[in-house]
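Heads up: the structure comes next, in structure tokens.
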Amino acid sequence: MAQRILVVDDSPMNLKVVSASLAPAGYELITAQNGREALERAETGQPDLIILDVQMPEMNGYEVCRRLRRNPTFSTRPIMMLTANNSLEERVHGLEAGADDYMSKPFETAELQARVKALLRRFVPVTGIEPAGVRGKTIALFSLRGGMGVSSIATNVAVGLAQIWGGQTVLVDMSFLSGQSALLLNLPLRTTWGDLASKSTEEIDADLLERVLLNHPSGVRVLAAASRPEQSELISSEKVASVIGVLRDRFSYVVLDMPHNFSDPTLACLDAADQIMLVLAPEIASVCATACTLDVFDQIGYSREKVTLVLNNPFERGGLARKDIEATLKQPIITVLPYGGDTFLSALNRGMPPVLEHPTKPLGAMLEDWAFALSSEEHRKKRPERPSPALQRVAQRAQQRHKTKG
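Spelled out as structure tokens, the structure:
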């Protein structure tokens with residue numbers, strides 16, 4: 184069945200140009216010439232993607248985008264802004280309104296087709312919070328030393344799990360003062376932890392969290408860090424534990440992007456985690472911080488099985504040897520993330536995780552395979568009847584490795 188695209192522009196000529204560019208690619212096109220008609224056509228036509236002109240009479244494209252995002256049906260549907268004004272200010276307005284991409288006119292047909300294809304590939308239909316059936320697996324990404332790439336890794340793990348299992352994953356930004364999870368996914372901060380700050384523990388339930396969680400086209404839901412530091416002061420460890428408890432009951436995977444401290448909210452998360460991914464780099468300061476962390480974990484009573492060492496290599500050459508780090512920490516390194524060059528920096532600047540943008544390239548494929556390895560045993564053993572494209576890629580790579588070994 185052809186994917187359906189709604190094109191909105193007050194110019195009949197522009198509608199014809201966009202339609203003529205996309206029709207040869209096999210898409211079904213529906214059109215609207217103003218904002219109100221666009222909202223009506225969206226409801227009746229249920230498009231897979233919406234392309235909005237910005238400058239329209241009565242209701243501009245930004246307002247149409249905002250209204251669509253307030254509708255749960257279209258809260259994660261891909262939206263592209265298409266306009267003759269390519270200024271930075273206009274792009275920011277579009278992203279703040281909830282757009283996923285922004286393209287200027289005139290455009291090249293090949294580029295428009297490529298952007299549309301990319302948006303549709305990223306999109307996974309997201310439903311409201313529903314019971315997962317069993318308590319979800321909670322994975323905490325932690326490092327006592329900053330700059331180890333914890334947020335980038337947590338984001339890629341969460342997106343990878345969402346892509347593999349068709350959603351079912353929530354990313355929780357626990358860095359209340361400097362969290363960047365939403366930024367790494369290019370999500371505007373419409374709602375954050377700040378919306379929970381004034382709520383009592385008793386008020387934390389699935390309905391409230393459904394209204395606060397952000398939606399990403401990959402299928403992952405995001406609980407973003409508060410935009411104002413003073414809001415974080417009202418978030419107690421009891422409130423954090425309550426939020427995580429509700430999320431574990433409603434999602435198959437809860438991925439925690441942790442701050443670099445041992446505050447009460449941090450400890451509440453680490454206590455709740457089924458698995459702690461302790462991230463370090465091959466340099467002496469990081470190894471010392473990791474040794475300190477492991478000592479604290481021993482004092483708290485965490486088993487070494489709960490803690491997995493992840494070596495993230497930010498250096499092309501010259502780092503400490505893996506065997507020397509393992510000997511110092513008296514614990515094996517389970518996962519090694521290779522030097523990725525400028526890949527992570529580019530991903531940060533564009534809000535596009537490598538696991539999502541380049542799932543077939545070495546780094547993206549490695550992250551996708553790692554996300555599968557972190558999946559629950561139930562998921563790994565019982566594959567769905569209709570596996571996602573991501574799960575199919577994981578299975579194909581596993582078969583290739585098996586043949587190579589054989």
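Note that the sequence shown covers residues 184 to 589 in the numbering used here.
Here a beta-carbon is modelled for each residue, glycine too, at the ideal position from N, C-alpha and C.
Query                                                                                                                                                                                   : Result
Quick check on ASN495: does DSSP put it in helix, strand or coil?                                                                                                                       : strand
Quick one: any contact between the segment 494–503 and the segment 466–474, if contact means 3 or more CB pairs under 8 Å?                                                              : yes
My parser needs the beta strand (DSSP E) runs of 3 or more residues fully inside the segment 443–474; what are they?                                                                    : 458–463
Assuming PHE325 is part of the beta strand (DSSP E), what are its boundary residues?                                                                                                    : 320–325
Please list the terminal residues of the continuous alpha helix (DSSP H) segment that includes TYR245.                                                                                  : 244–253
Which term fits MET196, buried or exposed, when burial requires 16 or more other beta carbons within 10 angstroms of its beta carbon?                                                   : exposed
List in chain order: all unbroken alpha helix (DSSP H) runs of 4+ residues lying wholly within the segment 342–386.                                                                     : 364–367 and 377–380
Under 8 Å: do the segment 287–300 and the segment 197–212 share three or more Cβ pairs, one atom per stretch?                                                                           : yes
Is it the case that the segment 340–358 contacts the segment 569–577, given that we only count it when at least three CB pairs across the two stretches are under 8 Å?                  : yes
Which of the three DSSP states, helix, strand or coil, is assigned to ASP283?                                                                                                           : coil
Express the C-alpha separation of LEU303 and ILE188 in angstroms, rounding to a whole number.                                                                                           : 10 Å
Once the 5 residues before and after GLN514 are set aside, which same chain residues still bring their CB inside 8 Å of it?                                                             : LEU477, ARG487, VAL490 and LEU492
Excluding the 5 residues flanking VAL309 on each side, which residues of the same chain have their C-beta closer than 6 Å to its C-beta?                                                : Caution is warranted here: a pLDDT of 47 is assigned to VAL309, below 50, making its placement in the model unreliable, and no coordinate value can be reported.
My output table needs one value for VAL403: the three-state DSSP class, helix, strand or coil.                                                                                          : coil
Determine the extent of the beta strand (DSSP E) in which ILE591 is found, giving its start and end residues.                                                                           : In the structure displayed, the chain extends from 184 to 589; residue 591 sits before or after that span and is not available.
Let me check one thing: in DSSP terms, what residues is VAL190 bridge-paired to?                                                                                                        : THR214 and ILE234
Do you know offhand how far LEU278's Cα is from SER558's?                                                                                                                               : 32 Å
Count the C-beta pairs between the segment 435–455 and the segment 349–363 that are closer than 8 Å, then say yes if the count reaches three, no if not.                                : yes
Are the segment 212–227 and the segment 239–259 touching by the rule of at least three beta carbon pairs closer than 8 Å?                                                               : yes
Which first and last residues belong to the beta strand (DSSP E) in which THR518 is found?                                                                                              : 516–520
Just checking my contact of SER410 with LEU372 at CB under 8 Å: how many whole Å lie between their CB atoms?                                                                            : 5 Å
Near PRO542, which residues of its chain fall below 7 Å by C-beta distance, leaving aside the five closest residues on each side in sequence?                                           : ALA548, GLU551, ALA573 and ARG576
Using beta-carbon positions only, say whether LEU265 and ASP236 come within less than 9 Å of one another.                                                                               : yes
Where does CYS248 land, buried or exposed, given buried means 16+ other C-beta within 10 angstroms?                                                                                     : buried
For the segment 425–438 against the segment 292–302, do three or more pairs of beta-carbon atoms, one drawn from each stretch, fall closer than 8 Å, so that the two count as touching? : no
If you draw a straight line from the C-alpha of LEU212 to the C-alpha of SER361, how long is it?                                                                                        : 42 Å
Report the option in THR375, ALA554 and THR449 whose CA atom is closest to the CA atom of ASN339.                                                                                       : ALA554
Quick check on PHE325: buried or exposed, where buried means 16 or more other Cβ atoms within 10 Å of its Cβ?                                                                           : buried
By DSSP, does ASN398 sit in helix, in strand, or in coil?                                                                                                                               : strand
Excluding the 5 residues flanking ILE233 on each side, which residues of the same chain have their C-beta closer than 6 Å to its C-beta?                                                : LEU189 and ILE262
Please report the straight-line C-alpha distance between PRO537 and GLU568, rounded to a whole angstrom.                                                                                : 27 Å
Looking only at DSSP bridge pairs, what is TYR436 linked to?                                                                                                                            : LYS320 and THR352
For PRO412, count neighbouring C-beta atoms within 10 Å of its own C-beta (all shown protein chains included) and say buried if the count is 16 or more, exposed if not.                : exposed
Roughly how many angstroms lie between the CA atoms of ASP388 and ALA206, to the nearest whole one?                                                                                     : 45 Å
Quickly, what does DSSP pair VAL490 with across the bridge? List them, please.                                                                                                          : ILE459
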